[in-house]
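**Student:** Mind having a look at this structure? Questions to follow.
2 protein chains.
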Amino acid sequence: MVLKDYIKSRQELVDSYLKKYFSSEFLPERLYESVTYSLFAGGKRIRPVLAIASFEACGGKAEDILPQASAIELIHTYSLIHDDLPAMDDDAMRRGKPTNHKVFGEAIAILAGDALLTEAFVMFTEGERFSPHAVKEAIRILADAAGPRGMVGGQAEDILSERKEPDPRTVHFIHTHKTGALICASLRIAPVLAESSHEIIESLGMYGEKVGLAFQIIDDILDVTGDSDSLGKKTGADSEKGKMTYPAIYGIERSKAAAIELFEEALSAIEFMGDGAAPLRSIAKYLVQRTR
Amino acid sequence: MVLKDYIKSRQELVDSYLKKYFSSEFLPERLYESVTYSLFAGGKRIRPVLAIASFEACGGKAEDILPQASAIELIHTYSLIHDDLPAMDDDAMRRGKPTNHKVFGEAIAILAGDALLTEAFVMFTEGERFSPHAVKEAIRILADAAGPRGMVGGQAEDILSERKEPDPRTVHFIHTHKTGALICASLRIAPVLAESSHEIIESLGMYGEKVGLAFQIIDDILDVTGDSDSLGKKTGADSEKGKMTYPAIYGIERSKAAAIELFEEALSAIEFMGDGAAPLRSIAKYLVQRTR
Chain A
1 MVLKDYIKSR QELVDSYLKK YFSSEFLPER LYESVTYSLF AGGKRIRPVL
51 AIASFEACGG KAEDILPQAS AIELIHTYSL IHDDLPAMDD DAMRRGKPTN
101 HKVFGEAIAI LAGDALLTEA FVMFTEGERF SPHAVKEAIR ILADAAGPRG
151 MVGGQAEDIL SERKEPDPRT VHFIHTHKTG ALICASLRIA PVLAESSHEI
201 IESLGMYGEK VGLAFQIIDD ILDVTGDSDS LGKKTGADSE KGKMTYPAIY
251 GIERSKAAAI ELFEEALSAI EFMGDGAAPL RSIAKYLVQR TR
Chain B
1 MVLKDYIKSR QELVDSYLKK YFSSEFLPER LYESVTYSLF AGGKRIRPVL
51 AIASFEACGG KAEDILPQAS AIELIHTYSL IHDDLPAMDD DAMRRGKPTN
101 HKVFGEAIAI LAGDALLTEA FVMFTEGERF SPHAVKEAIR ILADAAGPRG
151 MVGGQAEDIL SERKEPDPRT VHFIHTHKTG ALICASLRIA PVLAESSHEI
201 IESLGMYGEK VGLAFQIIDD ILDVTGDSDS LGKKTGADSE KGKMTYPAIY
251 GIERSKAAAI ELFEEALSAI EFMGDGAAPL RSIAKYLVQR TR
């Protein structure tokens, strides 16, 4: 299967699961609108697609992991809404559209983020496909990766480090936590749910760690070299805000080289896995070569 | 056992569990300080104490449910931090201390809330005391009560209804969702974890629903009649902000009568339960008669 088709078909599965899940509205209407506005704003569903690919590499079927894979997208979407807030990164555009708080106001944007984060744990417990033990373990991995020891810690350090002298240790902390942790969790959750061997869980986790970091380095590079139209958001924002990024420390070329090295390490972590891991290999390549 | 001693001993169990849990710091330090500032700001631990009392009424031991009971306090604390934000209720004082964003700034306050909400689900999966099936079910109840169909929905309606003509349906929606849902969940989670009968789960849930609503009505009344020193926050704030409250619709006397009626309904829901439910009966009385 061509990679583009693979990704598209998995994205569609996630989108149709999310559409169906959120077809029953909740009150107040304005909160529902705010939540669905950001959730269906054209996200690429990278984390759910990675979780599905990881699950398929373990011999599972995409349909079976949709609630858990889609729950990760809820967490990712909440993090974008909160990151864009005036008190945080103060961004006006996201995926070519006004950010949530620009449309719904700050209060509802904060609550829409809270709603998505909390609902992720409802969604995660949907279905009876997996053993409750595996679900409990996967919830622990996901919450740990999204919380203060993971994504939230990375975001806090990112905000606190603005306009400070860039240093390699801090930028590594920010990237592995802010972006890396949730991507890594997306990869680990699948073999945990599939009750795969310890070796497979660790290998897919390692792949996730490397790909997650590479993904954020590419993101930093695109903020310098990318085209704002195709990215759907303003470029040059990182340097304007004095963000601690890879290019700010290492320059574009060394940052690119670091991403490619991480990509190769990701591949070697799952080398021993069979053809089932082919989509993961292609996705890694795609994420490192992407231009938006 | 005297009620005061009962509550105090359970509060102490929760406090010492939380202290121990948060004794291992996370980075950045500023986020850790912000999280622990609000978590140890003198909260009365009402929700965890209710969860423990519910568990004891089902024949369980307080110590066994500490992770799950304490996780509810994390969710409650996050909701207070976010509610106090300038974009929300814009409160400067809470429990006699400056609110989180007054001390740490808005960005870190938002992230501290996010951190507490997420960490609650890590904490909830601590320990091996309960069957994973029961833990999964309890997580679902908790997340559902805290999310858009529960607490977050109530908070959104509360914000959106400010300065509107008060109406009974809206104020009932706000109170049952904003405060009632999480209190109700605190009561339901314990029998689910204890794998009690359906009848007991529903009865404790009913008690929780009634007590939760009564609790919020009393809160509204205290905002009008209470003493700001003993409450640790400004009184009269609801009417200043044009909040939709019970006293605003029904006046003080009818609101008091409604709280007492709910208290009696709460007692009758658990009437068939034995002496183990005695603390729940006393706590309900205490919550309705409280002056702060």
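Protein sequence lines, in the order shown, are assigned to chains A and B. If you're matching positions, the first sequence starts at 1 in the working numbering and goes up one per residue. If you're matching positions, the second sequence starts at 1 in the working numbering and goes up one per residue. Virtual Cβ for every residue (Gly too), placed ideally from N, Cα, C.
1) Mind checking whether Ile218 of chain A and Val288 of chain A have CB atoms under 8 Å apart?
2) Quick one, which of A:Gly205, A:Leu13, A:Ser79 has its alpha-carbon nearest Gly147 of chain A's?
3) Going by DSSP in three states, Met88 of chain B sits in which element: helix, strand or coil?
4) So what does DSSP say about Leu164 of chain A, is it helix, strand or coil?
5) Report the three-state DSSP secondary structure of Lys97 of chain B (helix, strand or coil).
6) Buried or exposed for Thr225 of chain A, going by 16 or more other Cβ atoms inside 10 Å?
7) Please state whether DSSP places Pro191 of chain B in a helix, a strand or coil.
8) With H, G and I counted as helix, E and B as strand and the rest as coil, what does DSSP make of Thr125 of chain A?
9) Taking the alpha carbon of Leu267 of chain B as the reference point, which residue from B:Ala259, B:Asp275, B:Tyr207 has its own alpha carbon closest?
10) Quick one, which residues of the segment 139 to 159 of chain B are near chain A if we go by CB-CB under 7 Å, in chain order?
11) Against Val122 of chain A, what residues of chain B qualify as contacts under a CB-to-CB distance less than 7 Å, listed in chain order?
12) Output needed in chain order: residues of the segment 49 to 72 of chain B with a Cβ under 8 Å from some Cβ in chain A.
13) Of the residues that make up the segment 235 to 251 of chain A, which ones have a beta carbon closer than 7 Å to any beta carbon in chain B?
14) Helix, strand or coil for Val135 of chain B per DSSP?
15) Given a threshold of 16 other Cβ atoms within 10 Å of its Cβ, counted over all protein chains shown, does Val2 of chain B qualify as buried or as exposed?
16) Are any of the Cβ atoms in chain A nearer than 8 Å to that of Ala115 of chain B?
17) Let's test the definition: count the other Cβ atoms within 10 Å of the Cβ of Asp167 of chain A and tell me whether it reaches 16, buried, or not, exposed.
18) Let me check understanding here. Comparing Cα to Cα, which of B:Ile159, B:Glu128, B:Asp89, B:Gly96 lies closest to Leu193 of chain B?
19) CB Arg95 of chain A to CB Thr125 of chain B, shorter than 8 Å?
20) Determine, using beta carbons only, whether Ala214 of chain B and Phe263 of chain B come nearer to each other than 8 Å.
21) Using beta carbons (cut-off 8 Å, strictly below), is Pro132 of chain B in contact with chain A?
22) Tell me the DSSP secondary structure of Thr235 of chain B in three-state form.
23) Looking at the unbroken alpha helix (DSSP H) that takes in Pro279 of chain A, where does it start and where does it end?
24) Is Pro67 of chain A helix, strand or coil by DSSP?
25) Interface residues of chain B around Arg30 of chain A at Cβ under 8 Å?
26) When the Cα of Asp229 of chain B is compared with those of B:Gly205, B:Arg292, B:Gly251, B:Ala107, which residue comes out closest?
27) Cβ of Glu261 of chain B less than 8 Å from any chain A Cβ?
28) Quick check: what's the CA-CA separation for Ala134 of chain B versus Asp114 of chain B?
29) Is Leu117 of chain B near Ile75 of chain B, with beta carbons less than 8 Å apart?
30) Taking just the CA atoms, how far does Ala57 of chain B sit from Arg10 of chain B?
31) Quick check on the DSSP output: the alpha helix (DSSP H) that includes Lys178 of chain A runs from which residue to which?
32) What separation, rounded to the nearest whole angstrom, lies between the Cα atoms of Val14 of chain A and Ala87 of chain A?
33) Shortest alpha-carbon distance to Ala71 of chain A belongs to which of A:Phe121, A:Val49, A:Tyr286?
34) For Asp114 of chain B, name the three-state secondary structure that DSSP assigns.
35) Mind checking the segment 96 to 112 of chain B against chain A and listing, in chain order, the residues whose C-beta falls within less than 9 Å of any C-beta there?
**Tutor:** Working from what's here:
1) yes
2) Looking at the Cα atoms, A:Ser79 is the closest of the given residues.
3) coil
4) The sequence shown places Lys at residue 164 of chain A, not Leu. Reduced to three states, the DSSP call for Lys164 of chain A is coil.
5) The DSSP-derived three-state label of Lys97 of chain B is strand.
6) Exposed, because fewer than 16 other Cβ atoms sit within 10 Å of the Cβ of Thr225 of chain A.
7) Under the three-state reduction of DSSP, Pro191 of chain B is assigned to helix.
8) Residue state, collapsed to three classes: coil.
9) B:Tyr207
10) Flagged, chain order: Ile139, Arg140, Ala143, Asp144, Ala146, Gly147, Pro148, Arg149, Val152, Gly153, Gln155, Ala156, Glu157, Ile159.
11) Under the 7 Å cutoff, chain B gives Arg140, Ala143, Asp144, Gly147.
12) none
13) none
14) helix
15) exposed
16) Ala115 of chain B counts as touching chain A.
17) exposed
18) B:Glu128
19) No. Outside cutoff.
20) yes
21) yes
22) coil
23) 278 to 289
24) helix
25) Ala156, Leu160
26) B:Arg292
27) no
28) 25 Å
29) It is a contact, given that the beta carbons lie within the stated cut-off.
30) 14 Å
31) Careful: Lys178 of chain A lies outside any alpha helix (DSSP H) and carries neither H nor E.
32) 31 Å
33) A:Phe121
34) helix
35) Listed by position along the chain: His101, Gly105, Glu106, Ala107, Ile108, Ala109, Ile110, Leu111, Ala112.
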